[in-house]
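Q: Structure incoming, see below.
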Amino acid sequence: MKAMLTKSRNIIHLWKALYLQPTVTRSIKWKTDILQNTKVSKDHLTPEIQLRLITPECDLFHRPITTNQEKVFENDPFWGFYWPGGQAISRWLLDNKNVVRAKTVLDFGSGSGACSVAAMMAGAKKAVANDIDPVAAVSAEINAELNGIQLTTCTNNRIGEDCEENLILVGDVFYDDEIAGLIIPWLEKLRLSGKEILIGDPGRHGLTVDRQKLLTKLATYELPENACIENHGFKFVNVWRFK
Ligand SMILES: C[S@@+](CC[C@H](N)C(=O)[O-])C[C@H]1O[C@@H](n2cnc3c(N)ncnc32)[C@H](O)[C@@H]1O
């Protein structure tokens, strides 16, 4: 018995050494890299939220990336921008707090975590910032702290899975047909099981006219100039609700 206990303790130590420590170390490095390569910005549709973003004052905003060695972050830092779809959902939540009050929220494709922060500011019980890029999880934690908010992060690919949360936020994730083709059937299933689903989108390829027939438009916002420039001239962004 004693031998067995010692063996299982050793296995736990080994697991911690092999798995946990590198994860913690990487998160600390990413936190430092994010703080060094971003600026705090309120230059967006929800100035009541401060976000660490890659702005024109940051080196990384202007630096052409040519080789892997020159990359500060392994994956493209989508979390470093506050995308029009996310801005619109956050604005909608902050102006319609009844939609989110006391709800549990899944912020799918959370990037900077802005929509989760908005949901918590608007009175949500819990918000899960979900992004498959682990650096986005660190970014969401930094932005939550900056706004005095607590949220949960999750880096699993949740497409196709059942969902405990009552309200699902999908901010600017219809950037191509492939991902749209994966997400829409999943969202249809979740909607049938009673979930509320909000989509923020400025008119990306994936949100075709056919797919829009599944949705009701709730609001249209005019984008600030910086967001128009960063998003190839999109001037407006919509909030949609799954019917
Ligand atoms: C354009 S960004 C939008 C970020 C944020 N929602 C916003 O509006 O600012 C899209 C994000 O979706 C994430 N993403 C892509 N596929 C995903 C998946 N299967 N599960 C979770 N996140 C995903 C990307 O890593 C990226 O951060």
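First residue of the sequence shown? That's 44 in the working numbering, and the numbers climb one at a time after it. Note that the Cβ used here is the ideal one computed from N, Cα and C, for glycine as well.
1) With 16 as the cutoff for other CB atoms within 10 Å, does L88 come out buried or exposed?
2) Expressed to the nearest angstrom, what Euclidean distance is found between the alpha-carbon atoms of G192 and N186?
3) Kindly identify the DSSP beta-bridge partner or partners of I279.
4) Ligand 1 heavy atoms versus the CB of R201: any closer than 7 Å?
5) Excluding five sequence neighbours on each side, which residues of the same chain lie with their C-beta closer than 7 Å to the C-beta of I222?
6) So, are the CB atoms of N200 and I226 less than 8 Å apart?
7) Take the Cβ of F279 as the centre, count every other Cβ of all protein chains shown within 10 Å, and call the residue buried at 16 or more, exposed below.
8) Taking DSSP as the reference, what is the three-state secondary structure of N209?
9) Starting from G129, follow the beta strand (DSSP E) in both directions and report where the run begins and ends.
10) Cβ-heavy atom distance between P214 and ligand 1 below 7 Å?
11) List the endpoints of the continuous beta strand (DSSP E) containing G243.
A: The answer reads as follows:
1) buried
2) The amino acid occupying residue 192 in the given sequence is Ile; Gly does not appear at that position. For I192 and N186, the distance between alpha carbons rounds to 8 Å.
3) First, the residue type needs correcting, since residue 279 is Phe and not Ile in the sequence shown. Partner(s): E265.
4) yes
5) V216, G249
6) no
7) exposed
8) coil
9) No beta strand (DSSP E) holds G129; the alpha helix (DSSP H) holding it covers 127-138.
10) Reading off the sequence, residue 214 comes out as Gly, not Pro. Because some heavy atom of ligand 1 lies under 7 Å away, the Cβ of G214 counts as near it: yes.
11) 239-244
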